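The opening residue of the sequence shown carries number 27 in the numbering used here; numbering runs sequentially from there.
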Amino acid sequence: MLYRVEGIIIRSMDYGEGNKIVTLCTETHGKIGIFVRGAKKPKSRHGAMIQPFTYGEYSFIRNGTGLGTLNQGEIIESNHKLREDVFLAAYAAYGCEMVDKALQENETGRFWFDQLKAFLSFLGEGRDPVVLTTLFEMKILQATGYAPQVDACIFSGETEGKFFLSPGLGGILSERERRQDPAAFAISPGTLKLLRLFSRLDIRRLGNIDVKDSTKAELKKIMDAFMEVQLGLKLKSRRFLDQLDKYETSLQNHVDE
27 MLYRVEGIII RSMDYGEGNK IVTLCTETHG KIGIFVRGAK KPKSRHGAMI
77 QPFTYGEYSF IRNGTGLGTL NQGEIIESNH KLREDVFLAA YAAYGCEMVD
127 KALQENETGR FWFDQLKAFL SFLGEGRDPV VLTTLFEMKI LQATGYAPQV
177 DACIFSGETE GKFFLSPGLG GILSERERRQ DPAAFAISPG TLKLLRLFSR
227 LDIRRLGNID VKDSTKAELK KIMDAFMEVQ LGLKLKSRRF LDQLDKYETS
277 LQNHVDE
């Protein structure tokens, strides 16, 4: 049967001498694997449309529930800027790997597709990648049912005061209820305010937000903990992104000296 879908390339792997298997996050069919014959050949007509982060329209033939075979395609947005900058490429790869690992084969993909499309588009436009990634992580956690409870203490229901965050228990604790998890760490009012905003905000409506470096570091610590504890995700792209961040910080410190 012939299918025609809009999708974003979230993963690519070599298969045999000249072929590839790509994974699409699609608007209508969730996550789909497609075999691309001759993709690695210099004159392949499919080479450009299966580059990482490419958003396009893909026609493929599939019988049953196995891999489809690409018939033809058309690029809608190449997102080439994301492949030309190592830092943007690292953030984009992390977003795609999150979707790939969190989205099950049989899940419908409209929400995931819309959020990923906006995430990649905003990265290419120069939005703050740390803020953007934090919001995207929040959307992933919400979609999988593991979003942090940040509106009120998960035990007392308190909404004001000093709070601590417990990745293991899944949300914030008031000062009185911190005894429920002594390992919970303090969260600043500004960071909590942002997390509350992100919990309600569709990524497609994100404006330009100016966030202090200290707040971004706190956001990263929180979301790293939730992604690992609640989803059990230890992603290769996250480790590479962390290494790049350390390199950039080290380079900046050297320049400042």
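Idealized CB from N, CA, C, for every residue including glycine. Bear in mind that the values here come from a model prediction, so they are computed numbers and not experimental data.
Original post:
What whole-angstrom Cβ distance do Ile180 and Gly197 have, given they're in contact under 8 angstroms?
Top reply: Yes, Ile180 and Gly197 are in contact; Cβ-Cβ is about 4 angstroms, under 8 angstroms.
**OP:** Work out the CA separation of Ala115 and Leu161 for me, nearest whole Å.
**Re:** 18 angstroms
Subject >> Sheet register partners of Ile87 (DSSP bridge) >> reply: Leu28, Thr95
Subject >> DSSP state of Asp236 mapped onto helix, strand, coil >> reply: The three-state reading of DSSP puts Asp236 in coil, since its state is none of H, G, I, E or B.
Original post:
Which term fits Leu28, buried or exposed, when burial requires 16 or more other beta carbons within 10 angstroms of its beta carbon?
Top reply: exposed
Subject >> Ala74 vs Ile101 beta-carbon contact at 9 angstroms >> reply: yes
Subject >> Which residues DSSP lists as bridging Ile102, in chain order >> reply: Note: Ile102 sits in no beta bridge, so no partner.
**OP:** Pick out whichever of Ser240, Met124, Thr159, Ile34 has its Cα sitting closest to the Cα of Gly216.
**Re:** Ser240
Subject >> Rounded straight-line distance, which links the Cα of Asp140 to that of Lys247 >> reply: 26 angstroms
Original post:
For Lys242, which residues of its own chain have a beta-carbon under 6 angstroms away from its beta-carbon, when the five flanking residues on both sides are left out?
Top reply: Val156
Subject >> Straight-line gap, Ser85 to Ile60 (C-alpha atoms, nearest Å) >> reply: 10 angstroms
Original post:
Among Glu43, Leu220, Gly150, Val125, which residue has its Cα nearest to the Cα of Pro68?
Top reply: Glu43
**OP:** Classify Val48 as helix, strand or coil using the three-state DSSP reduction.
**Re:** strand
Original post:
Which of the three DSSP states, helix, strand or coil, is assigned to Lys66?
Top reply: coil
Original post:
So is Glu203 buried or exposed if we call it buried at 16+ other beta carbons inside 10 Å?
Top reply: buried
Original post:
Which residues bound the beta strand (DSSP E) around Leu223?
Top reply: Boundaries for Leu223: no beta strand (DSSP E) harbours it, while the alpha helix (DSSP H) harbouring it runs 215-226, taken from the DSSP string.
Original post:
Is Tyr117 closer than 9 angstroms to Leu257 when the C-beta atoms are compared?
Top reply: no
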